[in-house]
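So the protein sequences, as listed, match chains U and P.
With my numbering applied, the first sequence has no gaps in its numbers, which climb one by one up to 745 at the end.
With my numbering applied, the second sequence has no gaps in its numbers, which climb one by one up to 84 at the end.
For glycine and all other residues, C-beta sits at the position ideal for the given N, C-alpha and C.
Since this is a predicted model, take the numbers as computed values, not measurements.
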Amino acid sequence: MSAAADTNGGGAPMKRRVVVTGLGAVTPLGVGVDALFDRWAAGECGILGGAGACTDFEPSELLSVKEVRRLDRFSQLALVSAAEAIAGSGWDGELPYDPFRVGCVVATGIGGIQTVENQLDVQRERGAGRMSPLGIPAQMSNAAAAAISMKYGLKGQAFAVASACSSGAHAIGSALRMIQWGDADAVVVGGSEATLTTFGFGSFNAMQALSPTGISRPFDARRDGFVMGEGAALLVLEEASAAAERGATVLGEIAGYGSTSDAHHLTAPEPSGVAATRAIELALSEAGVEPDQIDYVNAHGTSTQLNDAAETAALKRALGEERAYKVPISSLKSATGHLLGAAGAAEAVVTIKTLLTRIIPPTLGYEVPDPECDLDYVPGEARPLVLANGHPPVALSNSFAFGGHNVALVIKGPQPTPQS
Amino acid sequence: MATVTAEQVQERVVETLASFGPDADQITRESTFEELDIDSLDLVELAQVVEDDYGVVLKGEDMKELKTVGDAIDLIVSRAE
């Protein structure tokens, strides 16, 4: 029964399980999830000239004239990613659920900043009367969620969430809760960002956050800042029994979500990682997973001095030193740069692919160890995922943000089917 | 301003509307904005083009009455005279 939350005999709703049935992405490694994962696993890097741009993305080939005109680049990236995720889920142009039971949550850290910049130019050069009526609807942070909702007729809750670099992971957490507690049976969820603009580069440069060498090498002693990237990643989440009932292919399960805030500093992580640790512990606890069951960690790993050290400290606290030293950890940002509001979603996508393929892609460019970052960051090349504790494989994906927002997701690989 | 002909206005309107999405050869005087999927936001942009090109100011209340491409062309031509 999927139309409302199940109850356990009383009036209280019972928490429902949430599975992943579709994945989509547009990233600096290409259009599509295969380009993202296969190229990263092959050790290819999508960063060029100090930025991770989606150079293979041609909006006019993938979207209608109207969509291209009306959508800021961040929404264009999201819409194309959503199309892949929805097609992959097998919805085939028809929703398998009551449209009012299907939500859409698309995160963005910044929103349609290119639109804002363009319209400010128009305002200054030609006057406010010549600004586009599409300015606000294109730049608004919920524009991507609105576009996906309209295109696919999703009539449940649709909105954006924003928490800078944790946005994508917060979106998944929000969608998870919606389905768990019966507010929706499915949610199209993810994150999108397109800030390779004058404002984006200028502002991040001014705060000396970007790598002056233009190299993203998380956890390496030579790391000197993050490399800005752009892109989007979307997932289709469904209530587990409803997905099973319709015969959906389950790609994974969002099993745990934990979120905390440092309450420490506008941009710097709290160095001991105590709040980040708490987020990881909350996610593990919800998933019912012990640290020694974690087979892989997809790190936030930004390539900044502070983040990578604090994340390492948090992993040691949350998993215990013994497990922290054993578990393989890699950072997608070494291959794409930092996708900001899309990062958590893209990292959830590659984490699911890691559990499905049993291939752990490497942290590219990692060569020189740092005493503050002394865990196994999967240097060099991809390696097989070795299961610590039988089936299904389990991974942790971290996101930490300006503002001190921490999110941890525990993701399980698909359960083996009872028949097999 | 030199006199504008209905033909000139039609050409400019069709070109502008086509840039919003519909195929140019799909746009006739009889086409309704609804069937062309031209909405109020598109019409505001059309009004900006018309004001730039012909000095004709079209307000929201003017636009509300417009149902077809021909309605828009006739209004612009009458205001431009």
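Legend entry - DSSP-derived helix/strand/coil call for U/Glu450: As a first step, residue 450 of chain U must be located in the first sequence, where it is residue number 125. Note: U/Glu450 maps to helix in three-state DSSP.
Inset, instruction - Could you check what DSSP says for U/Leu459 in three-state terms: helix, strand or coil? - result: For the purposes of this step, residue 459 of chain U is taken as the residue at position 134 of the first sequence. Looking at U/Leu459 - three-state DSSP - the assignment turns out to be coil, as it is neither helix nor strand.
Inset, instruction - Run down chain U in chain order and give the residues with a C-beta less than 9 Å from the C-beta of P/Gln11. - result: Against the second sequence, residue 11 of chain P aligns to sequence position 8. Those within 9 Å of P/Gln11 in chain U number zero; the least Cβ separation is about 22 Å.
Inset, instruction - Apply the 10 Å Cβ neighbour rule to U/Arg426 and answer buried if 16 or more other Cβ atoms are within range, or exposed otherwise. - result: For the purposes of this step, residue 426 of chain U is taken as the residue at position 101 of the first sequence. Under this definition U/Arg426 is a buried residue.
Inset, instruction - Determine which residues share a DSSP beta bridge with U/Arg642 and list them. - result: Taking the first residue of the first sequence as position 1, residue 642 of chain U is located at position 317. Bridge partners of U/Arg642: none, in fact.
Legend entry - C-beta neighbour in chain U for P/Asp77, strict 7 Å: If you number the second sequence from 1, residue 77 of chain P lands on position 74. Taking Cβ atoms only, chain U never reaches closer than 7 Å to P/Asp77, which makes this a no.
Legend entry - Residue closest to U/Gly437, alpha-carbon to alpha-carbon, out of U/Ala471, U/Ala407, U/Ser400, U/Asp417: For the purposes of this step, residue 437 of chain U is taken as the residue at position 112 of the first sequence. Answer by Cα proximity: U/Ser400.
Inset, instruction - Could you check if U/Trp506 is buried or exposed, using at least 16 other CB atoms within 10 Å of its CB as the buried criterion? - result: In the first sequence, the residue the question calls residue 506 of chain U occupies position 181. Exposed, by the Cβ-count rule.
Legend entry - Reduced DSSP secondary structure (H/G/I, E/B, other) of U/Leu664: As a working note, residue 664 of chain U is residue 339 in the first sequence. Note: U/Leu664 maps to coil in three-state DSSP.
Inset, instruction - Give the residues of chain U in contact with P/Asp28, contact being defined as C-beta atoms less than 8 Å apart. - result: Position 25 of the second sequence holds residue 28 of chain P. None at all; the shortest Cβ gap to chain U is about 14 Å.
Inset, instruction - May I ask you to report which of helix, strand or coil DSSP gives U/Arg548? - result: Taking the first sequence and counting its residues from 1, one reaches residue 548 of chain U at position 223. Three-state DSSP puts U/Arg548 in coil, outside helix and strand.
Inset, instruction - Answer yes or no: does any C-beta atom of chain P fall closer than 7 Å to that of U/Val390? - result: In the first sequence, residue 390 of chain U corresponds to position 65, counting from 1. For U/Val390, the answer is yes, since a Cβ of chain P falls inside 7 Å of its Cβ.
Legend entry - Straight-line gap, P/Val17 to P/Leu69 (C-alpha atoms, nearest Å): Taking the first residue of the second sequence as position 1, residue 17 of chain P is located at position 14. Taking the first residue of the second sequence as position 1, residue 69 of chain P is located at position 66. Approximately 15 Å between the Cα atoms of the pair.
Legend entry - Through-space distance from P/Phe23 to P/Asp45, alpha-carbon basis: Numbered from its first residue, the second sequence carries residue 45 of chain P at position 42. Numbered from its first residue, the second sequence carries residue 23 of chain P at position 20. Computed Cα separation, rounded: 7 Å.
Inset, instruction - Under 8 Å between beta-carbons, which chain U residues line up against P/Glu48? List them in chain order, please. - result: For the purposes of this step, residue 48 of chain P is taken as the residue at position 45 of the second sequence. The contacting residues are Ser457, Pro458, Leu459.
Inset, instruction - State buried or exposed for P/Thr6, treating a residue as buried only when at least 16 other CB atoms are found within 10 Å of its CB. - result: Taking the second sequence and counting its residues from 1, one reaches residue 6 of chain P at position 3. Exposed.
Legend entry - Supposed contact pair U/Leu501 and U/Leu562 - C-beta distance, whole angstroms, cut 8 Å: Residue numbering aside, residue 562 of chain U sits at position 237 when the first sequence is read from its first letter. Residue numbering aside, residue 501 of chain U sits at position 176 when the first sequence is read from its first letter. Yes, U/Leu562 and U/Leu501 are in contact; Cβ-Cβ is about 7 Å, under 8 Å.
Inset, instruction - Taking 7 Å as the cut-off, decide whether the C-beta atoms of U/Glu611 and U/Gly581 are in contact. - result: Here residue 611 of chain U refers to the residue found at position 286 of the first sequence. Here residue 581 of chain U refers to the residue found at position 256 of the first sequence. Yes, the pair counts as a contact, with Cβ atoms nearer than the cut-off.
Legend entry - Proximal residues to U/Leu388 (C-beta, below 8 Å), its chain only, five neighbours per side dropped: Residue 388 of chain U sits at position 63 when you count from the first residue of the first sequence. Correct list, in chain order: Leu396, Gln401, Leu404, Val405.
Legend entry - Supposed close pair U/Ser628, U/Phe551 - CB separation, criterion 8 Å: Numbered from 1 along the first sequence, position 303 holds the residue referred to as residue 628 of chain U. Numbered from 1 along the first sequence, position 226 holds the residue referred to as residue 551 of chain U. The pair is a contact, with the Cβ atoms about 5 Å apart (cut-off 8 Å).
Inset, instruction - Drop a sphere of 10 angstroms on the beta-carbon of U/Ser745, count the other beta-carbons inside from all chains shown, and report buried for 16 or more, exposed for fewer. - result: Against the first sequence, residue 745 of chain U aligns to sequence position 420. Residue placement at U/Ser745 cannot be trusted, given a pLDDT of 39 that sits under 50; what the coordinates show is reported in the next sentence. It counts as exposed.
Inset, instruction - Could you tell me if U/Val711 is buried or exposed, where buried requires 16 or more neighbouring beta carbons within 10 angstroms of its beta carbon? - result: By one-based count along the first sequence, residue 711 of chain U stands at place 386. With fewer than 16 Cβ atoms within 10 Å of its Cβ, U/Val711 is classed as exposed.
Inset, instruction - Can you grab the Cα-Cα spacing for the pair U/Ile411 / U/Arg364, in whole Å? - result: Counting from one through the first sequence, the residue named residue 411 of chain U turns up at place 86. Counting from one through the first sequence, the residue named residue 364 of chain U turns up at place 39. Cα to Cα, U/Ile411 sits roughly 22 Å from U/Arg364.
Legend entry - Neighbourhood of U/Cys698 by C-beta, 7 Å cutoff - its chain only, sequence neighbours within 5 removed: As a working note, residue 698 of chain U is residue 373 in the first sequence. Answer for U/Cys698: Phe544, Asp633, Ala634, Thr637, listed in chain order.
Legend entry - Through-space distance from U/Pro739 to U/Thr682, alpha-carbon basis: Mapped onto the first sequence, residue 682 of chain U falls at position 357. Mapped onto the first sequence, residue 739 of chain U falls at position 414. Rounded to whole angstroms, U/Thr682 to U/Pro739 spans 11 Å at the Cα level.
Inset, instruction - Report yes or no: is there a C-beta of chain U within less than 7 Å of the C-beta of P/Leu20? - result: For the purposes of this step, residue 20 of chain P is taken as residue 17 along the second sequence, with counting starting at 1. Not one chain U Cβ lies under 7 Å of P/Leu20.
Inset, instruction - Have a look at U/Thr688 and U/Ala707 and give me their C-alpha separation to the nearest angstrom. - result: Stepping through the first sequence from its first residue, residue 688 of chain U is reached at position 363. Stepping through the first sequence from its first residue, residue 707 of chain U is reached at position 382. Those two C-alpha atoms are separated by around 9 Å.
Inset, instruction - Closer than 7 Å, Cβ to Cβ, to anything on chain P: give me those residues from the segment 388-415 of chain U, in chain order. - result: Ser389, Val390, Lys391, Arg394
Legend entry - For U/Asp695, the three-state DSSP class (helix, strand or coil): Looking up residue 695 of chain U in the first sequence gives position 370. Reduced to three states, the DSSP call for U/Asp695 is strand.
Inset, instruction - Under 6 Å Cβ to Cβ from P/Glu10, same chain only, skipping five residues before and after it: list those, please. - result: In the second sequence, the residue the question calls residue 10 of chain P occupies position 7. Excluding sequence neighbours, P/Glu10 sits near nothing in its chain.
Inset, instruction - With DSSP collapsed to three states, give me the class of U/Phe347. - result: Along the first sequence, read from residue 1 onward, the residue named residue 347 of chain U stands at position 22. The question names Phe, but residue 347 of chain U in the sequence shown is Gly. DSSP places U/Gly347 in strand when its eight states are reduced to three.
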